[in-house]
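Working notes for the structure below.
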Amino acid sequence: MAGASAALPAFAQDSVFDMISGGSGRVLRETDRAGNTAEAAAIIATNEPILSFDTLHNLQLAISQYEPFVAAGGWEQIPQQAYQLTLGNTSPAVVQLKRRLISSGDMPLVEYANDVFDAE
């Protein structure tokens, strides 16, 4: 056991919390975030399916959530104008888009869906 602890550097002045988040924040400052992100993206950049123990359950759950939409005839068509919107634009297409997001649970329920394309 002594050999395992000798391999770890000792930083008596920093707690684990200080090293990770507060205080000197050395660990976060020294992390290669861009490199780590690129490496992680390269690992999962594949056409092969990524399967896990939970894949079947999650797929069945997603199907059960969308079956009511299919049974009711699907969603209303989103107008093409919705694909050219930028923040701050107003359009009737925004109302339709917000209704779709609310019905699928991807946007919180609101009393009135306005026509402003915003961060909601």
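Under my numbering, the first residue of the sequence shown is numbered 20, with each subsequent residue one higher. All C-beta atoms, glycine included, are put in the ideal place defined by N, C-alpha and C.
{"Check": "Please work out which residues of its chain come closer than 8 Å, Cβ to Cβ, to Ala64, disregarding the five sequence neighbours upstream and downstream, and give them in chain order.", "Outcome": "none"}
{"Check": "Taking 8 Å as the limit between beta carbons, can you name the residues of its chain near Ile82, skipping five residues before and five after?", "Outcome": "none"}
{"Check": "DSSP three-state call for Val114: helix, strand or coil?", "Outcome": "helix"}
{"Check": "According to DSSP, is Thr56 part of a helix, a strand, or is it coil?", "Outcome": "helix"}
{"Check": "With 16 other CB atoms within 10 Å as the buried threshold, where does Ala112 fall?", "Outcome": "buried"}
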